[in-house]
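Residue numbers (the working numbering): 317 to 412.
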């Protein structure tokens with residue numbers, strides 16, 4: 317939506333994240349990237365470097381998982397962790 321780029325591949329995701337950075341943000345987190353039936357991934361772009369976090373998909377009963385993820389991410393960043401480590405921790409915490 318923000319970038320206007322149609323996402324079909326990981327390469328498209330990276331282009332999208334870089335385009336969002338051009339708008340004026342330093343870091344980008346894109347969540348919920350489906351990688352088949354049982355895997356889901358998040359992309360973190362920090363200072364031009366990208367990192368993918370991949371885990372198993374949650375069951376269909378996952379109401380509130382986005383709120384859990386974003387709150388955990390924010391707390392980690394507020395406590396001084398970098399965005400890649402924060403995203404990794406938030407993803408692991410959310411799927412517990």
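All residues carry an ideal CB built from backbone N, CA and C; glycine is no exception.
The residues 402 and 405, in chain order, have a CB closer than 6 Å to that of residue 392 in the same chain once the five nearest residues on each side in sequence are set aside.
Distance from the CA atom of residue 337 to the CA atom of residue 355, rounded to whole angstroms, is 26 Å. 8 Å or more divides the Cβ of residue 394 from the Cβ of residue 366. The residues 318, in chain order, have a CB closer than 8 Å to that of residue 339 in the same chain once the five nearest residues on each side in sequence are set aside.
The three-state secondary structure of residue 401, taken from DSSP, is helix. Boundaries of the beta strand (DSSP E) around residue 358: 355-362.
A distance below 8 Å between beta-carbons, with the five flanking residues on each side excluded, links residue 407 to the following residues of its chain, in chain order: 358, 369, 371 and 385.
For residue 348, the CB contacts under 7 Å within the same chain, skipping 5 residues up- and downstream, are 356 in chain order. The three-state reading of DSSP puts residue 410 in helix, counting H, G and I together. In the assembly as shown, residue 410 is a buried residue. Its beta-carbon has 16 or more other beta-carbons within 10 Å.
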